[in-house]
Amino acid sequence: MISPQAVIVCVDCGGRAHLVQPGDAESPYRAGDIATYRCEDCLDRWDLVVEAEDLDDTPDV
Ligand SMILES: [Zn+2]
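For the sequence shown, my numbering assigns the number 900 to the initial residue and increments by one for each residue that follows.
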């Protein structure tokens with residue numbers, strides 16, 4: 900997985916907040932990046948720091 904969750908729960912209204920820019924193969928999200936979400940109900944914007952555990956990207960050992 901190269902992006903954090905596509906949809907999160909809006910803290911303010913409990914609505915669905917969508918990831919504005921999904922990650923792709925050319926610009927995958929990495930830990931420490933900012934993932935921007937926008938709530939479809941209250942249109943609030945949420946900027947979340949991507950944590951390593953949000954990314955199911957197992958490194959090659
Ligand atoms: Zn909301």
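Here a beta-carbon is modelled for each residue, glycine too, at the ideal position from N, C-alpha and C. Everything numeric in this text was worked out from a predicted model, so none of it was measured.
V940 Cβ short of 6 angstroms to ligand 1 heavy atom set: This sequence places Asp at residue 940; Val is not what is there. Within the cutoff, so yes.
Three-state secondary structure (DSSP) of A951: helix
Closer than 6 angstroms: D946 CB and nearest ligand 1 heavy atom: no
Alpha-carbon to alpha-carbon, A924 and A934: 16 angstroms
G931 vs S902 beta-carbon contact at 7 angstroms: no
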